[in-house]
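A.B. asks: Residue numbers (our numbering): 2 to 262. Where is the CB? At the ideal position from N, CA and C, for every residue including glycine. One structure, pasted below without further comment.
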Ligand SMILES: [Mg+2]
């Protein structure tokens with residue numbers, strides 16, 4: 002299917018959940034798929050808003066499905082947050098974050114540590130141990146004027162149990178309480194796509210951004226100027242697609258059909 006696009010696609014930016022797997026279930030034979038992608042000379046990077054896992058843990062999950070990825074081939078919204086923090090506070094320093102332990106570890110490795118008394122910025126993402134107290138602290142700091150970064154706006158994410166509350170749901174609570182809109186790092190903001198294209202060595206015209214969600218994957222690909230492909234193996238229903246403009250360049254049942262390799 003991607004052979005229809007002109008100029009020819011050289012790089013793929015793949016969303017993970019709902020595209021490569023659903024929860025812990027791979028969608029199709031992933032080792033064969035990645036072998037075919039390589040055989041066709043396509044460069045590929047995974048870009049996910051999911052910041053519960055850091056990129057090593059995302060690679061570990063792909064390894065459990067039989068796919069070996071290099072470190073540059075996975076980026077999540079949390080790594081984009083680190084890039085945004087480095088831009089504002091190049092020397093590191095105190096922050097207040099509502100985030101998963103692995104996300105906090107990544108902040109610490111980059112020189113940013115949790116210290117609510119001296120925080121320079123507030124970062125809110127998916128924290129499975131979120132409490133009223135954490136929302137309270139974040140709210141008061143944001144109301145005092147601190148920079149407010151949200152990892153990604155996804156309201157939910159797919160699991161075998163169904164759609165569970167995502168980072169966007171927690172961010173919505175803080176946004177409502179503080180009355181301030183966050184600066185988002187993940188999709189649909191273009192920053193993540195720009196980092197991906199740098200790593201792929203491609204231009205927007207030769208890059209296809211593939212995902213299962215319209216308001217993050219497809220909107221973000223559009224904003225970055227990439228070609229876009231929607232797979233129906235995740236959260237989007239035919240009815241959602243019917244009401245969405247502009248339409249993705251490609252639509253397919255799953256990644257295999259979209260790539261047609
Ligand atoms: Mg997805």
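Excluding five sequence neighbours on each side, which residues of the same chain lie with their C-beta closer than 6 Å to the C-beta of residue 17?
C.D. replies: These residues qualify, in order along the chain: 47 and 49.
A.B. asks: Under 8 Å: does the beta carbon of residue 49 sit that close to some heavy atom of ligand 1?
C.D. replies: Yes.
A.B. asks: Please work out which residues of its chain come closer than 8 Å, Cβ to Cβ, to residue 192, disregarding the five sequence neighbours upstream and downstream, and give them in chain order.
C.D. replies: Once the five neighbours on either side are set aside, the close Cβ partners of residue 192 are 81, 84, 85 and 186.
A.B. asks: Which two residues bound the contiguous alpha helix (DSSP H) that contains residue 177?
C.D. replies: It spans 168 to 179 - the alpha helix (DSSP H) in which residue 177 sits, taken as one unbroken run.
A.B. asks: According to DSSP, is residue 27 helix, strand or coil?
C.D. replies: Residue 27 falls in the strand class under three-state DSSP.
A.B. asks: Can you tell which of 217, 117 and 159 has the C-alpha that lies nearest to the C-alpha of residue 1?
C.D. replies: Residue 1 lies beyond the stretch modelled for the chain, which goes from 2 to 262, so this question has no answer here.
A.B. asks: Keeping to the same chain, check which residues put their C-beta closer than 6 Å to that of residue 38; ignore five residues upstream and five downstream.
C.D. replies: Counting only Cβ-Cβ distances below 6 Å, and skipping sequence neighbours, we find 45.
A.B. asks: Less than 7 Å between C-beta atoms, sequence neighbours within five positions excluded: which residues of the same chain meet that for residue 58?
C.D. replies: Here the set comprises 103.
A.B. asks: Which residues does DSSP pair with residue 74 in a beta bridge?
C.D. replies: For residue 74, which the question treats as bridged, DSSP gives no partner whatsoever.
A.B. asks: Taking 8 Å as the cut-off, is the C-beta of residue 235 nearer than that to any heavy atom in ligand 3?
C.D. replies: This structure does not include ligand 3; its bound ligands are ligand 1.
A.B. asks: Please state whether DSSP places residue 217 in a helix, a strand or coil.
C.D. replies: Helix at residue 217.
A.B. asks: Alpha carbon to alpha carbon, what distance is there between residue 35 and residue 94?
C.D. replies: Rounded to whole angstroms, residue 94 to residue 35 spans 40 Å at the Cα level.
A.B. asks: From 235, 62, 149 and 169, pick the residue whose C-alpha is nearest to that of residue 160; which is it?
C.D. replies: Selected option, being the one with the closest Cα: 235.
A.B. asks: Distance check for residue 150 and residue 89, CA to CA, integer angstroms please.
C.D. replies: Their Cα atoms are separated by approximately 12 Å.
A.B. asks: Report back the beta-carbon spacing between residue 124 and residue 175 to the nearest angstrom; my notes put them in contact at under 8 Å.
C.D. replies: With 8 Å as the limit, residue 124 and residue 175 do not qualify as a contact, their Cβ atoms being about 10 Å apart.
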